[in-house]
Structures are given as C-alpha cells and as structure tokens.
Amino acid sequence: SDSIKADCGVVRGAVASDGLALSFAAPALRGHAEVVRAAVQQNGLALEFAALELRNDRAIVQAAMQQNRSALQFASAELKRDADLIRSAASSLWSLDWSSLFAVKELAEDRNIALTAVEIEWRSWELLSDELQHDPRIFRAVLEHDSLNLRLAPECLRSDRELVSFAVSRQGVALQFAGADLRSDRELALLALRQDGLALQFAAEALRRDREVALAAVESNGLALEHICQELRQDRGLVLAAVSQCGAALRFAAGGLQGDREVVSAAVRQDGLALRFASESLRTDAELLLLAARRAGASLLLGAGVW
Numbered sequence: 616s617d618s619i620k621a622d623c624g625v626v627r628g629a630v631a632s633d634g635l636a637l638s639f640a641a642p643a644l645r646g647h648a649e650v651v652r653a654a655v656q657q658n659g660l661a662l663e664f665a666a667l668e669l670r671n672d673r674a675i676v677q678a679a680m681q682q683n684r685s686a687l688q689f690a691s692a693e694l695k696r697d698a699d700l701i702r703s704a705a706s707s708l709w710s711l712d713w714s715s716l717f718a719v720k721e722l723a724e725d726r727n728i729a730l731t732a733v734e735i736e737w738r739s740w741e742l743l744s745d746e747l748q749h750d751p752r753i754f755r756a757v758l759e760h761d762s763l764n765l766r767l768a769p770e771c772l773r774s775d776r777e778l779v780s781f782a783v784s785r786q787g788v789a790l791q792f793a794g795a796d797l798r799s800d801r802e803l804a805l806l807a808l809r810q811d812g813l814a815l816q817f818a819a820e821a822l823r824r825d826r827e828v829a830l831a832a833v834e835s836n837g838l839a840l841e842h843i844c845q846e847l848r849q850d851r852g853l854v855l856a857a858v859s860q861c862g863a864a865l866r867f868a869a870g871g872l873q874g875d876r877e878v879v880s881a882a883v884r885q886d887g888l889a890l891r892f893a894s895e896s897l898r899t900d901a902e903l904l905l906l907a908a909r910r911a912g913a914s915l916l917l918g919a920g921v922w
C-alpha cells in the first residue's frame, strides 16, 4: 500500500535485504539519503531508482560503484564524466567493468573518460569508438603500458612520428610496427637502436647498410651484427665494437675476421665461449684457450665443444 511505501522504517529494512526494492518506494524516500545509501550498498544498481539529486551526490554514487561498477551508468550526467570518480573506483579492490561502462553511448564517446580508462587499463582502448581509437593522445596512453602495443595502432598512428618515437625510445624493437616511411627514418632508427640494437633488423635495408647506424646498433647489442649487410660484417672496426659488446657476435663476422687474432681476443675477453666461433687455427691457439678458460671455465669450454 502507499502507506507502506512511504514508511521509512519499512522501506529501509526492505532495501537492506534487496536494494532494488527502492524502485517500489515512495518518491520522498527515493530522495532520502540514508535509505538510498542502504539500497546501493546492498545493490549498486539501485542507484537507478534514486532521486536525481542523489544520483548527483558523489558519496552516494561512490557507494553504489563500490558494490557494482556498472552503477555509474545511473549517475548524473555530470558524475558520469568525472574522471577522478572513475579512477577512484578502478583503483579499489575490483577492476572496473569497462565493457559495461562503455555500453553507455555518451560515455563511450567521451574523450576524457576514454583517456582515463586507457590510463588505468589499456585494453579498454579496444572498446572505444573508431574516432577515439584514432586519437594520438589516447593511444599514447596505451603505449605507456607497453610500447609493443604499437602493433595494435591504426595505420595512420603507425606513421605518427611523435607516437612512434615515444614507443621506440622505450622499446627499440617496437620499430617493427612503425609505418614503412618511419622505418626508413634515420633519426628514428638511431633512437630505437640506442635503446635496443636488435631493432636494426626492422629498419629499412638502406639503413642496415649505413655504417653509423650499424655501429650504433652493435654498440647497443653486439648480436645486431647479424642484421647488417655482408659488406659491413667485414668492417674490422665495426666487428671489434660488436664482439667487445657481446663476444658471441663473432659468429656473424665475415671477411676472414673470425681468423683475426685481435678480433677473436676481444670476443673471448667478453665471453670465453666465443672462441668456438673463431677460425680453426685460433680455436687451438694455446694463449686464446687459456684466456677462454679463465673467462668461461674449462668445463664450459668442454661442454661447448671448444676443446
């Protein structure tokens, strides 16, 4: 009866057991803060039946979202767009249900909410509208989680120099996901190589023939020697730089440099096991064998077939 629906004690007891019972309460009680709080604490979705002024009450909405993150869809238009409220909810015990959140069209198209979402959980980017997925600022937040997410970027963003520079400065091998035009960009390649020399394998062929670029790569990671052109693998200075950084790079030396005593010595000083990649004559050199044994240990040399 109407009298029961308007009885504060009865309604409060009902919503404490089933928050959705608020839908049957008299209008005055739907605007009663304590009744509504009890309802949303039991079932966050009861926020749908609260009076507008309480759906615009931050504390009430927070209480509802703590019980059910999807309750945000029933908050006032102002609070639906409150990035701090969303961030607060997402940082609590459970993760925010972004799929439910973005099922609300006005939220799915809100740039500030989208940015907040990907800052918290990058996979929420996949739920955004096509327009927002192409937004460089939003996608940068995706890259802040993992630069290799560049692989997911729309083609236009893979050719965005600022975005790609950000990605490769953090993970050089993200260069593999850059647009073809940027993989030919010398300055960008050098940025990637200083972070990880192995990114050289993803640079344009012309850059792999560039000595300065190749040198930057092997100084960062000697094993990048594998990915430079045959001619430069015969460059004594470049090979010395490579094996000094990683002795095992001797494996990729060409032009007789595996038989160059100075080159092999540099490799073995860095990694005793590198001796296995030396020419046959140097693999049996007593001085180099002694150096290798000191660096790697005789048992490891035996196991690797060096002796």
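Sequence positions in the sequence shown follow my numbering and run 616 to 922. We put the beta carbon where it would ideally sit given N, CA and C, even for glycine.
SER835 sits buried, since 16 or more C-beta atoms from the chains shown fall within 10 Å of its C-beta. DSSP, reduced to helix, strand and coil, places SER616 outside both helices and strands of the structure shown, so it counts as coil. Comparing alpha-carbon positions, the option among GLN657, ASN727 and GLY812 lying closest to GLN682 turns out to be GLN657.
Exclusion of the five residues before and after LEU805 leaves ALA831 as the residues of its chain whose Cβ lies within less than 6 Å of its Cβ. Inclusion of ARG673 and VAL650 in the CB contact set at 7 Å is not warranted, their separation being larger than that value.
Within its own chain, the residues whose Cβ lies closer than 7 Å to the Cβ of LEU694, once the five positions on either side in sequence are excluded, are ASN671, ARG673, VAL676 and LEU700, listed in chain order. Excluding the 5 residues flanking it on each side, ASP875 has no same chain C-beta neighbour closer than 6 Å. Closest in alpha carbon position to GLN786, among SER774, LEU758 and ALA795, is LEU758. PHE892 is a Cβ neighbour of LEU865, given a cutoff of 7 Å. From the listed residues ASP745, SER714, ASP900 and PRO642, the smallest Cα separation to ARG738 is found for SER714. Secondary structure note for SER632: its alpha helix (DSSP H) is the uninterrupted segment 623-632.
For the pair LEU897 and ALA911, the CB atoms are not nearer than the 7 Å cut-off. A direct Cα-to-Cα measurement between ALA795 and LEU803 gives close to 12 Å. With distances taken between CA atoms, HIS842 lies nearest to PHE867 out of PHE867, LEU660 and SER859.
For CYS771, the uninterrupted alpha helix (DSSP H) segment begins and ends at 770-773.
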